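Residue numbers (the numbering used here): 362 to 660.
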């Protein structure tokens, strides 16, 4: 502490004290017994959202955990996932198949842009449902985790380890008021020394291992169709057709816009590398799905 030689003494704080003044200004305030600010008023949008989820509440509770265990911001993130196109992932006997119903919002958008299926590592892929921008952030984190693991241990990151780390990262954004939960859910699939693995990560950070999983607006109907499949006897080449049938079957042409079908796999046929399904197989799957849909409508 240095004292200047002037008519009025001045105290100069060392550098390590500056953050205290920046982040805790109220501790240096002289005034006491300040009047409390008025209670925040719930705006129209907040009232509407609260009415859907339960009794009206003040906006200050949106970031807090209520007595019944609900966190409104996490539930709002789930709404973003529910309004997205359907995402399906299945575990076959020789690998993993991921499929996405990517809704096309404008005819001016170039075909193939804004992909929702991403390669995280050589042996791992990830499909996103919900806000695409939030999904890209999760993909970037997953790529970083996988690259760092291989740099340290000299081998590809196990799918379970990657799913746990990504889920922890997603859950972290639900713990602090200055962060918001990710408005997306992801299905993570890969092939490691334990064989094909499939995980689904929700906006809350909850992660489970699945034989078949679905996200998006058609998830309930998709889950029903997945349960009818004999996944232990299904190859990935056959699984591509089944995933296409599921996505075409849950698509509502009256309400939903046009969509693009994205398919990827990681299996023995792809040398256990996550790759986009070849175009000729995609076209065959589309034709089979449309034929099945027309046959269903005829009945």
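A virtual CB, placed ideally from N, CA and C, is assigned to each residue, including glycine.
Every value quoted in this text rests on a predicted model; they were computed, and no experiment measured them.
CB residue 627 to CB residue 460, shorter than 8 angstroms? Working through the chain shown from its first residue, we reach residue 627 at position 266. Working through the chain shown from its first residue, we reach residue 460 at position 99. The criterion of a C-beta distance shorter than 8 angstroms is not satisfied by residue 627 and residue 460.
Where residue 518 falls: helix, strand or coil (DSSP): Along the chain shown, read from residue 1 onward, the residue named residue 518 stands at position 157. In this structure, residue 518 counts as coil in the three-state DSSP scheme.
Give the DSSP bridge partners of residue 553, in chain order. The sequence position of residue 553 within the chain shown is 192, counting from 1. The partner list for residue 553 (beta bridge, DSSP) reads 556.
Using a Cβ-Cβ cut-off of 8 angstroms (strictly less than) and excluding sequence neighbours within five positions of residue 655, which residues of its own chain qualify? Here residue 655 refers to the residue found at position 294 of the chain shown. Correct list: empty, nothing qualifies.
What residues in its chain sit with their C-beta under 8 angstroms from that of residue 498, if we drop five residues either side in the sequence? Here residue 498 refers to the residue found at position 137 when the chain shown is read from its first residue. Within the same chain, residue 498 has close Cβ partners 543.
Mapping the DSSP letters down to three states, classify residue 572 as helix, strand or coil. Numbered from 1 along the chain shown, position 211 holds the residue referred to as residue 572. In this structure, DSSP gives residue 572 a state outside helix and strand, which the three-state scheme calls coil.
I need the straight-line Cα distance from residue 514 to residue 641, nearest angstrom please. What you label residue 514 is simply residue 153 of the chain shown in a count that begins at 1. What you label residue 641 is simply residue 280 of the chain shown in a count that begins at 1. Whole-angstrom Cα-Cα distance: 38 angstroms.
Rounded to the nearest angstrom, what separates residue 673 and residue 540 at their Cα positions? The displayed coordinates of the chain run from 362 to 660. Any statement about residue 673 would go beyond what the structure contains.
Residue 621 lies in the beta strand (DSSP E); which residues open and close that run? Along the chain shown, read from residue 1 onward, the residue named residue 621 stands at position 260. Boundaries of the beta strand (DSSP E) harbouring residue 621: 620–628, taken from the DSSP string.
Which residue marks the beginning of the alpha helix (DSSP H) containing residue 440, and which one marks its end? In the chain shown, the residue the question calls residue 440 occupies position 79. In the DSSP assignment, residue 440 falls within the unbroken alpha helix (DSSP H) covering 433–443.
Relative to the C-alpha of residue 474, which residue among 464, 602 and 482 is closest? Along the chain shown, one-based indexing puts residue 474 at 113. For residue 474, the nearest C-alpha among the options comes from 464.
Looking at the structure shown, is residue 601 part of a helix, part of a strand, or coil, going by DSSP? Mapped onto the chain shown, residue 601 falls at position 240. Residue 601 falls in the helix class under three-state DSSP.
Per-residue burial, residue 578 [other beta carbons within 10 Å of its own, 16 or more giving buried]: As a first step, residue 578 must be located in the chain shown, where it is residue number 217. Buried, because 16 or more other Cβ atoms sit within 10 Å of the Cβ of residue 578.
Spatial neighbours of residue 488 in its chain, beta-carbon cut-off 7 angstroms, leaving aside the 5 residues before and after: Here the question's residue 488 lines up with position 127 in the chain shown. So the qualifying residues of the chain are 448, 450, 459, 461, 477, 478, 547 and 548.
Our contact map puts residue 564 next to residue 545 with C-beta atoms below 8 angstroms; I'd like the distance itself, whole angstroms only. For the purposes of this step, residue 564 is taken as residue 203 along the chain shown, with counting starting at 1. For the purposes of this step, residue 545 is taken as residue 184 along the chain shown, with counting starting at 1. Contact between residue 564 and residue 545 holds, with the beta-carbon distance rounding to 7 angstroms and staying under 8 angstroms.
Excluding sequence positions up to five away, which residues of its chain have a Cβ less than 8 angstroms from the Cβ of residue 507? Locating residue 507 in the chain shown gives position 146, counting from the first residue. Excluding positions up to five away in sequence, the list reads 481, 482, 485, 517, 518 and 523.
Mapping the DSSP letters down to three states, classify residue 561 as helix, strand or coil. Within the chain shown, residue 561 is the residue found at index 200, counting from 1. Residue 561 falls in the strand class under three-state DSSP.
Work out the CA separation of residue 440 and residue 430 for me, nearest whole Å. Position 69 of the chain shown, counted from the first residue, corresponds to residue 430. Position 79 of the chain shown, counted from the first residue, corresponds to residue 440. Cα to Cα, the separation comes out at about 18 angstroms.
According to DSSP, is residue 485 helix, strand or coil? Position 124 of the chain shown, counting from 1, holds the residue named residue 485. Residue state, collapsed to three classes: strand.
Could you tell me which of 572, 435 and 567 sits nearest to residue 559, measuring between CA atoms? Within the chain shown, the letter at position 198 stands for residue 559. Each of 572, 435 and 567 was checked against the Cα of residue 559, and the nearest Cα belongs to 572.
How big is the Cα-Cα spacing for residue 618 and residue 610? Within the chain shown, numbered from 1, the residue matching residue 618 stands at position 257. Within the chain shown, numbered from 1, the residue matching residue 610 stands at position 249. Inter-residue distance for residue 618 and residue 610 is about 14 angstroms (C-alpha atoms, whole angstroms).
Proximity of residue 531 and residue 562 at Cβ, strictly below 8 angstroms: Numbered from 1 along the chain shown, position 170 holds the residue referred to as residue 531. Numbered from 1 along the chain shown, position 201 holds the residue referred to as residue 562. Residue 531 is a Cβ neighbour of residue 562, given a cutoff of 8 angstroms.
Could you tell me the alpha carbon to alpha carbon distance between residue 512 and residue 659, rounded to whole angstroms? Locating residue 512 in the chain shown gives position 151, where the first residue counts as 1. Locating residue 659 in the chain shown gives position 298, where the first residue counts as 1. Those two C-alpha atoms are separated by around 56 angstroms.
Excluding the 5 residues flanking residue 647 on each side, which residues of the same chain have their C-beta closer than 7 angstroms to its C-beta? Here residue 647 refers to the residue found at position 286 of the chain shown. Cβ neighbours of residue 647 beyond the five flanking positions: 605 and 622.
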